[in-house]
Amino acid sequence: MNVLLATVAVLGVSLSGPLVAGTQAPALAIAFWRNALAEVVLLPVAATRNRRELRSLTRADVRTCVLAGVALAVHFATWVSALKLTSVAAATALVSMQVGWVALIGRLRGTRIPLTVVLGLLISFGGVLVITGVDLALSRDALVGDLLAVVGGLSAAIYTVTGARARETLTTTSYTLLCYGVCAVLLLVACLVGGVPLTGFGAGAWAGIIAVTVTAQLLGHSVINHLLAVMSPMLVSLLLLLEVPGAALLAAALLGQAPGMGVYVGLGLILAGLAVVVTRRPPRRTDVPDSD
Numbered sequence: 001m002n003v004l005l006a007t008v009a010v011l012g013v014s015l016s017g018p019l020v021a022g023t024q025a026p027a028l029a030i031a032f033w034r035n036a037l038a039e040v041v042l043l044p045v046a047a048t049r050n051r052r053e054l055r056s057l058t059r060a061d062v063r064t065c066v067l068a069g070v071a072l073a074v075h076f077a078t079w080v081s082a083l084k085l086t087s088v089a090a091a092t093a094l095v096s097m098q099v100g101w102v103a104l105i106g107r108l109r110g111t112r113i114p115l116t117v118v119l120g121l122l123i124s125f126g127g128v129l130v131i132t133g134v135d136l137a138l139s140r141d142a143l144v145g146d147l148l149a150v151v152g153g154l155s156a157a158i159y160t161v162t163g164a165r166a167r168e169t170l171t172t173t174s175y176t177l178l179c180y181g182v183c184a185v186l187l188l189v190a191c192l193v194g195g196v197p198l199t200g201f202g203a204g205a206w207a208g209i210i211a212v213t214v215t216a217q218l219l220g221h222s223v224i225n226h227l228l229a230v231m232s233p234m235l236v237s238l239l240l241l242l243e244v245p246g247a248a249l250l251a252a253a254l255l256g257q258a259p260g261m262g263v264y265v266g267l268g269l270i271l272a273g274l275a276v277v278v279t280r281r282p283p284r285r286t287d288v289p290d291s292d
């Protein structure tokens with residue numbers, strides 16, 4: 001069952017890049033609506049099935065969910081914006097550095113990093129330099145998109161690590177409801193402060209937003225939140241590496257995006273380095289009383 005869920009999650013998030021890039025709406029508006037619409041779907045379920053759990057939340061639970069929501073808001077704001085500035089292949093490859101950030105966060109928390117993991121991170125960083133060098137030669141916007149994608153990877157790592165901690169005590173539905181809620185509120189504030197329109201889009205744009213919500217948000221991120229109860233953040237991040245080739249192929253098929261050879265060279269280096277990072281670290285299973 002976990003293998004099946006992981007497959008669904010990878011397919012869901014792989015559609016995120018091409019769908020967002022092809023949706024004619026502001027980046028922050030897309031980020032807000034995918035969280036807000038997912039919240040509308042989750043709220044009735046949580047109100048009926050998780051009412052007692054939500055009423056018994058501890059301060060520690062709330063702090064963890066708020067931190068995860070903040071990290072997710074930063075991730076979406078930077079990641080979706082990156083997709084509007086650079087290619088889907090480049091943005092997805094750079095955000096996949098998430099797994100490297102997870103390893104570094106583990107080191108800061110006292111976990112020893114083997115030499116082979118350091119080597120893998122250096123290889124991946126070399127891939128980042130290749131992609132950003134190629135995009136710098138193309139345009140300033142593409143380079144800015146690359147940098148936003150790197151920040152998106154860091155915030156995604158914080159979101160993943162924090163989510164794993166939250167899932168030790170909270171069910172998938174409760175954690176996801178709280179996390180998406182915090183994320184949606186922060187993105188709404190960002191849209192209002194920045195004067196980003198939230199309505200007035202065409203039918204095609206709304207179709208894209210709904211498609212992103214169903215595939216990437218509900219079948220992607222929400223399933224990943226479930227898997228964090230039975231897989232380590234590092235293993236989940238490894239699975240998400242499959243998003244890189246998946247998104248690149250879908251972008252080529254759906255959007256006609258064909259990045260230069262340099263982007264694919266950088267993508268290969270990132271994947272090779274991050275594969276070394278993950279395979280040299282043993283997976284950790286977290287047992288929870290109810291995976292919901």
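At position 186 of the sequence shown the residue is numbered 186 (this note's numbering), and the sequence of numbers has no breaks.
Yeah, the Cβ is synthetic: ideal placement off N, Cα and C, and Gly gets one too.
- Message: According to DSSP, is Pro114 part of a helix, a strand, or is it coil?
- Response: Numbered from its first residue, the sequence shown carries residue 114 at position 114. The answer is coil: DSSP assigns Pro114 none of H, G, I, E or B.
- Item | Distance between beta carbons of Val20 and Val212, contact taken as under 8 Å | For the purposes of this step, residue 212 is taken as the residue at position 212 of the sequence shown. For the purposes of this step, residue 20 is taken as the residue at position 20 of the sequence shown. Contact holds; Cβ gap of about 6 Å.
- Can you tell me the Cα-Cα spacing of Ser87 and Ala253, whole angstroms? For the purposes of this step, residue 87 is taken as residue 87 along the sequence shown, with counting starting at 1. For the purposes of this step, residue 253 is taken as residue 253 along the sequence shown, with counting starting at 1. Their Cα atoms are separated by approximately 13 Å.
- Task: Could you tell me the distance, in whole angstroms, from the CA atom of Leu296 to the CA atom of Ala71?
- Result: There is simply no residue 296 to check, as the chain begins at 1 and stops at 292 in what is shown.
- Which residues in the same chain as Leu94 place their Cβ atom closer than 7 Å to its Cβ, once the five residues preceding and following it in sequence are excluded? As a working note, residue 94 is residue 94 in the sequence shown. Within the same chain, Leu94 has close Cβ partners Val128, Ile131, Asp146, Ala149, Val150 and Gly153.
- Report the residue from Leu235, Gly220, Leu240 and Arg52 whose alpha carbon sits nearest the alpha carbon of Gly12. Position 12 of the sequence shown, counted from the start, is the residue given in the question as residue 12. Nearest C-alpha to Gly12: Gly220.
- Task: Give the DSSP-derived three-state secondary structure of Arg285 in the structure shown.
- Result: Your numbering for residue 285 matches position 285 in the sequence shown. Confidence is the limiting factor: at Arg285 the pLDDT is only 42, short of 50, which leaves the residue's position unreliable, though a coordinate-based value still follows. Arg285: coil per DSSP, three-state reduction.
- Message: Am I right that Ala184 and Asn35 are in contact with their C-beta atoms under 8 Å? What's the rounded C-beta distance?
- Response: Within the sequence shown, numbered from 1, the residue matching residue 184 stands at position 184. Within the sequence shown, numbered from 1, the residue matching residue 35 stands at position 35. Right, the Cβ-Cβ distance comes to about 4 Å (below 8 Å), so this counts as a contact.
- Within this structure, are the beta carbons of Leu218 and Ala31 separated by less than 8 Å? Your numbering for residue 218 matches position 218 in the sequence shown. Your numbering for residue 31 matches position 31 in the sequence shown. No; because the gap between Cβ atoms is not below 8 Å, this pair is not in contact.
- Query: Which of helix, strand or coil does DSSP assign to Leu188?
  - Reply: Looking up residue 188 in the sequence shown gives position 188. In the structure shown, Leu188 sits in a helix (DSSP, three-state: H, G or I).
- Task: Could you check which residue in Val144, Leu228 and Val193 has the C-alpha nearest to that of Glu168?
- Result: Within the sequence shown, the letter at position 168 stands for residue 168. Out of Val144, Leu228 and Val193, Leu228 has the C-alpha closest to the C-alpha of Glu168.
- Message: Just verifying my parser: in three-state terms, what is the DSSP assignment at Pro18?
- Response: Translated into positions along the sequence shown, residue 18 becomes position 18. Of the three classes helix, strand and coil, the one that applies to Pro18 here is helix, per DSSP.
- Give me the Cβ distance between Thr64 and Val102, rounded to the nearest whole Å; I'm assuming they're in contact under 8 Å. Here the question's residue 64 lines up with position 64 in the sequence shown. Here the question's residue 102 lines up with position 102 in the sequence shown. Their Cβ separation, rounded to whole angstroms, is 17 Å, which puts Thr64 and Val102 out of contact at 8 Å.
- Query: Val117: buried (16+ other C-beta within 10 angstroms of its C-beta) or exposed?
  - Reply: Here residue 117 corresponds to residue number 117 of the sequence shown, with the count starting at 1. The residue is buried, with at least 16 neighbouring Cβ atoms inside 10 Å.
- Query: Can the beta-carbon of Ala29 be found less than 8 Å from the beta-carbon of Pro233?
  - Reply: For the purposes of this step, residue 29 is taken as the residue at position 29 of the sequence shown. For the purposes of this step, residue 233 is taken as the residue at position 233 of the sequence shown. It is not a contact, given that the beta carbons lie outside the stated cut-off.
- Short Cβ contact (8 Å threshold) for Leu121 with Gly266: As a position in the sequence shown, residue 121 is number 121, starting the count at 1. As a position in the sequence shown, residue 266 is number 266, starting the count at 1. No, the Cβ-Cβ distance between Leu121 and Gly266 is not below 8 Å.
- Task: Would you mind working out which of Gly22, Leu239, Leu57 and Ser237 sits nearest Ala166, comparing C-alpha positions?
- Result: Here residue 166 corresponds to residue number 166 of the sequence shown, with the count starting at 1. Minimum Cα distance to Ala166 is reached at Leu57.
- Message: Helix, strand or coil for Arg52? Go by DSSP, reduced to three states.
- Response: Counting from 1 along the sequence shown, the entry for residue 52 is found at position 52. Helix.
- Whose CA, out of Val62, Ala203, Ala82 and Leu255, lies closest to the CA of Leu178? Position 178 of the sequence shown holds residue 178. Here the closest residue by C-alpha is Val62.
- Task: Leaving aside the five residues before and after Gly268 along the sequence, list all residues of the same chain whose C-beta is less than 6 Å from its C-beta, in chain order.
- Result: By one-based count along the sequence shown, residue 268 stands at place 268. No residues qualify anywhere along the chain.
- Once you ignore the five residues that flank Ser14 on each side, which residues in its own chain have a CB closer than 7 Å to its CB? Position 14 of the sequence shown holds residue 14. Cβ within range, chain order: Glu243, Gly246, Ala247 and Leu250.
- Message: Please classify Val40 as buried or exposed, where buried requires at least 16 neighbouring CB atoms within 10 angstroms.
- Response: The count along the sequence shown starts at 1 and reaches residue 40 at position 40. Exposed.
- Query: Do you know offhand how far Thr7's Cα is from Trp79's?
  - Reply: Here residue 7 refers to the residue found at position 7 of the sequence shown. Here residue 79 refers to the residue found at position 79 of the sequence shown. Their Cα atoms are separated by approximately 22 Å.
- Task: Closer than 6 Å by C-beta to Gly208: which residues in its own chain qualify, once you throw out the five before and the five after it? Chain order, please.
- Result: Within the sequence shown, the letter at position 208 stands for residue 208. Around Gly208: Leu19 and Thr23.
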